[in-house]
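Chains as they are written, first to last, in the numbering used here: chain A, 1048 to 1213; chain B, 1048 to 1213.
Built from N, CA and C at the ideal position, the CB exists for glycine as well.
Shown next, in structure tokens, is the structure this report addresses.
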DNA sequence: GGCCGAAATGATACTTTGTTGCAAAAACCC
DNA sequence: GGGTTTTTGCAACAAAGTATCATTTCGGCC
């Protein structure tokens, strides 16, 4: 897909001199440590494969397709089978550590600010994704969902548009 | 996919005695007439294929995959090529007559209440989709989007959960 | 009516994304 | 250490979506 190619291109361009990458890597490390804690608390195992997938997602800070992940995890030798990636992703999503961006057919690690509702602002130009947890959105959703007698399960909203940079 | 099989099964079950189908068909016809008006206004053509796809979506009142549509449009003879369906869907989406439910890899006709923000409440059990246009959501989104300096393009929210029936 | 360019459809092959089923290996429990 | 559960490997497959080019249809124009 052109989308993924664009992601990579952008990623390579910004690799050397990405201003906000500084400070983001610490953030990713904190989130990773927190992820481990969550797994311990849930009594589940963050195995090497799962951890590596999660690390890659945090390091990229950008939605990655399952096949992109497979490639990223095998820079040298042979790559993991798709099903292995999908199983790792399934696990991460179950534990709330990652999320599938359906509109992009891609996956992204979540920063677990423990709010009820999370929205992803997806820039259509640069592909950047911003995770926000506005309380206003939580209450609005809660209200309208009550009005419709609907019990929401996944409270993730994907909003595509143009980010402040573009 | 199991999802599509489930859709069909549910559809067949409720075909005979679907309570809310009465009244819904008129609604669909109104929406169809309105769609024609929109196309005329836009100076674009609602060709037979496009119209049939739209009709099927309205009649089903449920997200349909592109391949489901291909099958539905060829009960007798040979079915349309995938690309034909996708082109029709692309057209309908461009004109705002249909929407792609990314989380379902499926497509659904929209009832054009001309609000800014549309949310789809997707029941994970029965597959029913309810389209709502709450003003509260519009303003909430507008606010937070302003706070993030983000210009949203597509204002469609997909919320999965459990509907009042299930 | 007949012609021409643009829009729409057909046909074919292909890519990307995700799944199924079963076997091997590793981790956990006692 | 033995048995069970969980995780990973492997191979084939299914589903969703796209690219390319040829053919037909539509709309305007003379």
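Can you have a look at residue i and say buried or exposed, based on whether 16 or more other CB atoms are within 10 angstroms of its CB?
i              : result
residue 1210/A : buried
residue 1091/B : exposed
residue 1146/B : buried
residue 1192/B : buried
residue 1151/A : buried
residue 1124/A : exposed
residue 1181/A : buried
residue 1097/B : buried
residue 1161/A : exposed
residue 1121/A : exposed
residue 1213/A : exposed
residue 1130/B : exposed
residue 1194/A : exposed
residue 1128/B : exposed
residue 1166/B : buried
residue 1196/A : exposed
residue 1048/B : Interpretation of residue 1048/B is limited by its pLDDT of 38, a score under 50 that renders its predicted location unreliable; the figure taken from the coordinates is listed afterwards. Exposed, by the Cβ-count rule.
residue 1206/B : buried
residue 1187/B : buried
residue 1113/B : buried
residue 1084/B : exposed
Taking the CB atoms as reference points, tell me whether residue i and residue j lie closer together than 8 Å.
i              : j              : result
residue 1111/A : residue 1082/A : no
residue 1148/A : residue 1132/A : no
residue 1109/B : residue 1208/A : no
residue 1204/B : residue 1154/B : no
residue 1171/A : residue 1089/B : no
residue 1164/A : residue 1143/A : no
residue 1177/B : residue 1168/B : yes
residue 1075/B : residue 1119/B : no
residue 1080/A : residue 1159/A : no
Identify the continuous alpha helix (DSSP H) that holds residue i and give its terminal residues.
i              : result
residue 1109/A : Taken as a continuous stretch (DSSP letters only), residue 1109/A belongs to no alpha helix (DSSP H), as it is neither H nor E.
residue 1184/B : 1182–1194
List the endpoints of the continuous beta strand (DSSP E) containing residue i.
i              : result
residue 1089/B : No beta strand (DSSP E) contains residue 1089/B, which is instead part of the alpha helix (DSSP H) from 1071–1089.
residue 1172/B : Segment: none, residue 1172/B is in no beta strand (DSSP E) and carries neither H nor E.
In this structure, what does DSSP give as the bridge partners for residue i?
i              : result
residue 1203/B : 1165/B
residue 1179/B : 1166/B
residue 1198/A : 1209/B
(request) Could you name each continuous beta strand (DSSP E) segment of 3 residues or more that falls completely within the stretch 1108–1159 of chain A, going from the start of the chain to the end? (result) Segments of the beta strand (DSSP E) lying fully in the stretch 1108–1159 of chain A: 1145–1148, 1153–1156.
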